[in-house]
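A.B. asks: For the sequence shown, our numbering gives the first residue as 2, with consecutive numbering after it. All C-beta atoms, glycine included, are put in the ideal place defined by N, C-alpha and C. The structure that follows is given in the form of structure tokens.
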Amino acid sequence: MFAFCEAAWNAGKQLAAAEAVMQIADRIYRRTDSRKLMFVEKDSAFSYRIPGVANEFWPVDFRPPGAENYGWGATLPTQILRNIIGFRETADYTGTAFYLAPAIPEKFAVVGKKYGVSNLHFRGVSANVFYQMKDAGKIKITLAFTAKKPGEATVLNESGEDIFLTSSKKKEGKIEFEGTNGSRYLIKFY
2 MFAFCEAAWN
12 AGKQLAAAEA
22 VMQIADRIYR
32 RTDSRKLMFV
42 EKDSAFSYRI
52 PGVANEFWPV
62 DFRPPGAENY
72 GWGATLPTQI
82 LRNIIGFRET
92 ADYTGTAFYL
102 APAIPEKFAV
112 VGKKYGVSNL
122 HFRGVSANVF
132 YQMKDAGKIK
142 ITLAFTAKKP
152 GEATVLNESG
162 EDIFLTSSKK
172 KEGKIEFEGT
182 NGSRYLIKFY
């Protein structure tokens with residue numbers, strides 16, 4: 002899954018990766034969130050699934066038992082953050098910059114719906130990221146942040162154009178702009 006999603010990112014196909022992650026998440030959570038043990042064969046000593054245990058095995062077809070009743074393999078949250086929320090590091094490891102590349106799958110891209118994640122930490126910046134779906138693939142992007150020191154924050158679109166600039170004497174701030182689902186935005190802190 003990692004290789005597919007990273008290849009999709011490099012090919013500019015974020016929405017394809019997001020769809021794949023969404024489909025896998027749907028299969029996994031049906032198993033993980035179950036409130037009862039699931040058996041293939043009744044009274045089997047080993048052919049069962051323990052609810053709440055992380056998935057290492059992500060079958061295409063729904064299969065009650067898993068291969069992971071020892072509990073490792075919780076990689077799905079990383080896939081959701083990187084490929085649906087689109088929170089990704091840049092290739093520049095010297096500054097404080099990251100991408101927001103919202104890729105809300107079609108099933109969830111309903112006008113008015115809000116999605117987000119709180120308490121992301123990256124190189125001295127703590128952030129809450131929220132997306133609100135608009136008409137025609139548009140999305141309202143909100144980034145509330147706390148930085149180690151006051152300064153500037155900019156947002157650049159895929160063409161490298163500044164679409165938002167903030168300068169503050171405070172460590173906290175908020176960036177809000179309208180973007181497009183499936184596009185990349187570079188967030189830089191100075």
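Within 10 angstroms of its Cβ, does A102 collect 16 or more other Cβ (buried), or is it exposed?
C.D. replies: Within the sequence shown, residue 102 is the residue found at index 101, counting from 1. That one is buried.
A.B. asks: Note down the Cα distance separating A104 from S169, rounded to an integer number of angstroms.
C.D. replies: One-based indexing of the sequence shown puts residue 104 at position 103. One-based indexing of the sequence shown puts residue 169 at position 168. Cα-Cα distance, rounded: 29 Å.
A.B. asks: Can you tell me where the alpha helix (DSSP H) holding N120 begins and where it ends?
C.D. replies: Residue 120 sits at position 119 when you count from the first residue of the sequence shown. Run containing N120: none in the alpha helix (DSSP H); it sits in the beta strand (DSSP E), K115 to F123.
A.B. asks: Use the C-beta contact count for R36: other C-beta atoms within 10 angstroms, 16 or more gives buried, fewer gives exposed.
C.D. replies: As a first step, residue 36 must be located in the sequence shown, where it is residue number 35. Result: exposed.
A.B. asks: Looking at the secondary structure, which residues open and close the beta strand (DSSP E) in which T143 lies?
C.D. replies: Start at 1 with the first residue of the sequence shown, and residue 143 comes out as number 142. Unbroken beta strand (DSSP E) run through T143: K139 to A148.
A.B. asks: Which of the three DSSP states is assigned to A19 in this structure?
C.D. replies: Working through the sequence shown from its first residue, we reach residue 19 at position 18. If DSSP states are grouped into helix, strand and coil, A19 belongs with the helices.
A.B. asks: Find the nearest neighbour of H122 within the set V111, T147, E107 and L157, judged by alpha-carbon distance.
C.D. replies: One-based indexing of the sequence shown puts residue 122 at position 121. Ranked by Cα distance from H122, the options V111, T147, E107 and L157 are led by T147.
A.B. asks: Evaluate the contact criterion for the segment 172-184 versus the segment 126-145: three or more CB pairs, one atom per stretch, below 8 Å.
C.D. replies: yes
A.B. asks: What residue from A128, A98 and Q133 has the CA that sits closest to V111's CA?
C.D. replies: To locate residue 111, count along the sequence shown from 1; it is residue 110. Per the C-alpha coordinates, the member of A128, A98 and Q133 positioned closest to V111 is Q133.
A.B. asks: Answer yes or no: does any C-beta atom of chain D fall closer than 7 Å to that of I176?
C.D. replies: Going by chain labels, chain D is absent from the structure shown, which holds only one protein chain.
A.B. asks: How big is the Cα-Cα spacing for A145 and F99?
C.D. replies: Locating residue 145 in the sequence shown gives position 144, counting from the first residue. Locating residue 99 in the sequence shown gives position 98, counting from the first residue. A145 and F99 have their alpha carbons spaced roughly 14 Å apart.
A.B. asks: Between the Cα of R89 and the Cα atoms of F190, Y186 and Y191, which residue gives the shortest distance?
C.D. replies: If you number the sequence shown from 1, residue 89 lands on position 88. When only C-alpha atoms are compared, the closest one is Y186.
A.B. asks: Taking DSSP as the reference, what is the three-state secondary structure of E107?
C.D. replies: As a first step, residue 107 must be located in the sequence shown, where it is residue number 106. If DSSP states are grouped into helix, strand and coil, E107 belongs with the helices.
A.B. asks: So is N182 buried or exposed if we call it buried at 16+ other beta carbons inside 10 Å?
C.D. replies: Residue numbering aside, residue 182 sits at position 181 when the sequence shown is read from its first letter. The residue is buried, with at least 16 neighbouring Cβ atoms inside 10 Å.
A.B. asks: Looking at T97 and V118, is the spacing between their C-beta atoms short of 7 Å?
C.D. replies: For the purposes of this step, residue 118 is identified with residue 117 of the sequence shown, where counting begins at 1. For the purposes of this step, residue 97 is identified with residue 96 of the sequence shown, where counting begins at 1. No. Outside cutoff.
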